[in-house]
């Protein structure tokens, strides 16, 4: 299991992008807590949350705080921004675990 | 035969642009990790371009990634990008054959087993690079083209960049000559005023006249104009047909020397005629079958 060492962010608020902020889990928290804002929350909110969470889990991160502001990003963009935020947050990425289409 | 009439730059850290890259029907898209990306965002762009290469359908456009120079972020770019399977790496500010050798070695080290070897286009944008253009073009068989980057080049000369381009005429000629000597394509520098369509047409016509086979583009609006210029004209197609007909007739008659309209036809002319017809066939398969 890996942990986010420090707060970090990736992405932008431009159309088609998503701004992802990751931070270490707090206290007794034992999951990935995601606070999501999205223009398409009603249609895709659950799917975006799952993409964020699964991208983190495949990197061995199971406890973290995530704030995400979505501007209509595709799945592959969400994954790329989460991975970049994790790397910036001190999580050593496992190349073999990166999957773009899963 | 594969055409590289137009190569469209797309900023590597902009998801909306990367996703839309396939709809513009450029002959190639250049996913840019260099000038279009701020130093602190190189990691993010690298990841995004990887994602795009794996998931975005670029249609008939070939996928090119402009990496950073090898003395900055280039090696990290190669490690991240090459396994994702771009067709071509555009290497900036190439100044020697050694730079090509270094890039090829780094690329080979990370290509997946069975992966189609990733090709290279060398971007020549300094006086040193231009002086070494032939050696660069011949450095490795992965090098499929030389491209001219005239903005940095003229800055190095201390010359003012103009739309007419008098200050880069020698550079253009030398680049085309080096590419031709190595048997690869020469690609022209972008026309930077995206609002000047007449200027783009004139600049592209000049490039074609000098022997360039394609042009870098910085805006999707430039693609149609560039294609129109590089597509063979009706007159060029007719000329090419007549050249090949004359060759066939001479072969049938056992004649050694072939002439058309009083001008001798030799191998380079035949080669140009064949290329013209091949381009025309790509443009319109029905019309040109002779």
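Protein chains in written order, with this note's numbering: chain A, 985 to 1086; chain B, 4 to 293. Glycine included, every Cβ here is placed at the ideal spot set by N, Cα and C.
May I ask you to report which of helix, strand or coil DSSP gives residue 233 of chain B?
Looking at residue 233 of chain B - three-state DSSP - the assignment turns out to be helix.
Beta carbon of residue 53 of chain B: closer than 7 Å to some heavy atom of the ligand MN?
Absence of the ligand MN is noted for the structure shown, with no ligands found whatsoever.
What's the gap between the Cα of residue 76 of chain B and the Cα of residue 90 of chain B?
Separation of residue 76 of chain B and residue 90 of chain B (C-alpha to C-alpha, rounded to the nearest whole angstrom) is 20 Å.
Please compile the residues from chain B whose C-beta is within a distance smaller than 9 Å of the C-beta of residue 1074 of chain A.
Among the residues of chain B, none has a CB under 9 Å from the CB of residue 1074 of chain A; the nearest is roughly 13 Å distant.
Should residue 1070 of chain A be flagged as near chain B, meaning a C-beta pair shorter than 8 Å?
For residue 1070 of chain A, the answer is no, since every Cβ of chain B falls outside 8 Å of its Cβ.
Could you spell out where the beta strand (DSSP E) holding residue 66 of chain B opens and where it closes?
Counting along the chain, residue 66 of chain B sits inside the beta strand (DSSP E) bounded by residues 65-69.
In the structure shown, what three-state DSSP assignment does residue 1053 of chain A receive?
Looking at residue 1053 of chain A - three-state DSSP - the assignment turns out to be strand.
If you measure from the beta carbon of residue 1166 of chain A to each beta carbon in chain B, is any gap under 8 Å?
A question about residue 1166 of chain A goes unanswered here, because the residues of chain A that appear run from 985 up to 1086.
So, is the C-beta of residue 288 of chain B closer than 8 Å to a C-beta in chain A?
Taking a beta-carbon distance threshold of 8 Å, residue 288 of chain B does not count as an interface residue toward chain A.
Do residue 1003 of chain A and residue 993 of chain A count as a contact pair if the criterion is CB distance below 8 Å?
Against a cut-off of 8 Å, the Cβ pair of residue 1003 of chain A and residue 993 of chain A comes out as a contact.
Could you work out which residue in B:103, B:14, B:26, B:119 is closest to residue 136 of chain B when comparing CA atoms only?
Put simply, of B:103, B:14, B:26, B:119 the residue whose alpha carbon is nearest the alpha carbon of residue 136 of chain B is B:103.
Going straight from the alpha carbon of residue 29 of chain B to that of residue 64 of chain B, what length do you get?
Cα to Cα, the separation comes out at about 6 Å.
Can you tell me whether DSSP reads residue 1002 of chain A as helix, strand or coil?
In the three-state DSSP reduction, residue 1002 of chain A falls in the strand class (E or B).
With a threshold of 16 other CB atoms inside 10 Å of the CB of residue 267 of chain B, please say whether the residue is buried or exposed.
Under this definition residue 267 of chain B is an exposed residue.
Thinking C-beta only, is residue 217 of chain B closer than 8 Å to residue 337 of chain B?
Since the first residue of chain B shown is 4 and the last is 293, residue 337 of chain B is not available in this structure.
Nearest chain B C-beta to residue 1063 of chain A closer than 8 Å, yes or no?
At least one chain B Cβ lies under 8 Å of residue 1063 of chain A.
Output the distance between the C-alpha atoms of residue 1018 of chain A and residue 1080 of chain A, rounded to the nearest integer angstrom.
One C-alpha to the other measures close to 25 Å.
Beta-carbon proximity of residue 1048 of chain A to residue 988 of chain A, cut-off 8 Å
Taking 8 Å as the cut-off, the beta carbon of residue 1048 of chain A is found closer than this to the beta carbon of residue 988 of chain A.
Residue from B:184, B:44, B:204, B:180 whose Cα sits closest to the Cα of residue 1068 of chain A
Comparing Cα positions, the closest option is B:44.
What does DSSP give as the partner residues of residue 217 of chain B in its beta bridges?
Answer by DSSP bridge pairing, in chain order: B:190.
Please name the residue or residues paired with residue 254 of chain B in a DSSP beta bridge.
Residue 254 of chain B pairs with nothing; no bridge assigned.
Around the Cβ of residue 184 of chain B, are there at least 16 other Cβ atoms within 10 angstroms (buried) or fewer (exposed)?
Per the 10 Å Cβ criterion, exposed.
The segment 1050-1062 of chain A: which residues have C-beta closer than 8 Å to a C-beta of chain B, in chain order?
The segment 1050-1062 of chain A vs chain B, Cβ under 8 Å: 1057, 1058, 1059, 1060, 1061.
Going along chain A, which residues have a C-beta under 8 Å from residue 57 of chain B?
Those within 8 Å of residue 57 of chain B in chain A are 1060, 1084, 1085.
Which of helix, strand or coil does DSSP assign to residue 12 of chain B?
Reduced to three states, the DSSP call for residue 12 of chain B is strand.
Applying a beta-carbon distance threshold of less than 8 Å, which residues of chain A neighbour residue 54 of chain B?
Listed along the chain, the chain A residues whose CB falls inside 8 Å of the CB of residue 54 of chain B are 1060, 1061, 1063, 1064, 1084.
When you compare the CB of residue 1023 of chain A with every CB in chain B, is at least one pair closer than 8 Å?
Closer than 8 Å to the CB of residue 1023 of chain A there is not a single CB belonging to chain B.
From A:1062, A:1028, A:1055, A:1066, residue whose alpha carbon lies closest to that of residue 1000 of chain A:
Residue A:1055 is the option with its Cα nearest to residue 1000 of chain A.
Using alpha carbons as the reference points, say which of B:259, B:239, B:269, B:270 lies closest to residue 281 of chain B.
Measuring from the Cα of residue 281 of chain B, the nearest candidate turns out to be B:239.
Counting only C-beta atoms, is residue 153 of chain B closer than 8 Å to chain A at any point?
Contact with chain A is absent for residue 153 of chain B, since none of that chain's Cβ atoms lies less than 8 Å from the residue's Cβ.
Does any CB atom of chain A fall closer than 8 Å to the CB of residue 223 of chain B?
Not closer than 8 Å to any Cβ of chain A, the Cβ of residue 223 of chain B fails to qualify, so no.
Check the Cβ of residue 992 of chain A against every Cβ in chain D and list those closer than 7 Å, keeping chain order.
The structure shown contains no chain D; its protein chains are A and B.
Completely contained alpha helix (DSSP H) runs for the segment 257-289 of chain B, where each covers 4 or more residues
Runs of the alpha helix (DSSP H) inside the segment 257-289 of chain B: 270-286.
In chain order, what residues of the same chain have a beta carbon less than 7 Å from the beta carbon of residue 111 of chain B, not counting five sequence neighbours either side?
If we look at residue 111 of chain B and ignore the five residues flanking it on each side, it has no Cβ neighbours.
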